[in-house]
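Read the structure below first, then the notes.
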Amino acid sequence: MNREALFLYKVSAEIQGKGTVHVILLAASDEGAFAAAEKELDRHLIAAPPVVEMVIVEKRSAGKGRGFVVEASDW
553 MNREALFLYK
563 VSAEIQGKGT
573 VHVILLAASD
583 EGAFAAAEKE
593 LDRHLIAAPP
603 VVEMVIVEKR
613 SAGKGRGFVV
623 EASDW
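So the sequence shown is residues 553 to 627, counted in my numbering.
In structure tokens form, the structure reads like this:
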């Protein structure tokens with residue numbers, strides 16, 4: 553069985569007029585992470601304003617028991 557490796561991503565996006573938001577997601581590549589983050593932002597925000605900047609803050613291999621700690625100062 554050949555399964556594609558998946559990674560956990562923490563993506564930070566600066567939204568015009570709204571500030572910075574963070575998206576935690578699972579993707580197979582950096583490009584996939586950016587595409588998935590854009591989709592999540594579209595679902596979350598009604599009439600999503602333009603994204604000024606989007607960056608990958610953290611990337612970790614996905615697996616049972618893996619995750620992120622998000623400190624209050626990150627929000």
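For every residue, glycine included, the Cβ atom is placed at its ideal position computed from N, Cα and C.
Practice task
Please specify which runs of the beta strand (DSSP E), each continuous and at least 3 residues long, are wholly inside the region 562-624, giving them in chain order.
Solution key: 571-579, 603-613
Exercise for the section: Could you tell me whether the Cβ atoms of L577 and R612 are closer together than 8 Å? Expected result: no
Problem - Three-state class that DSSP yields for L558 in the structure shown - result: coil
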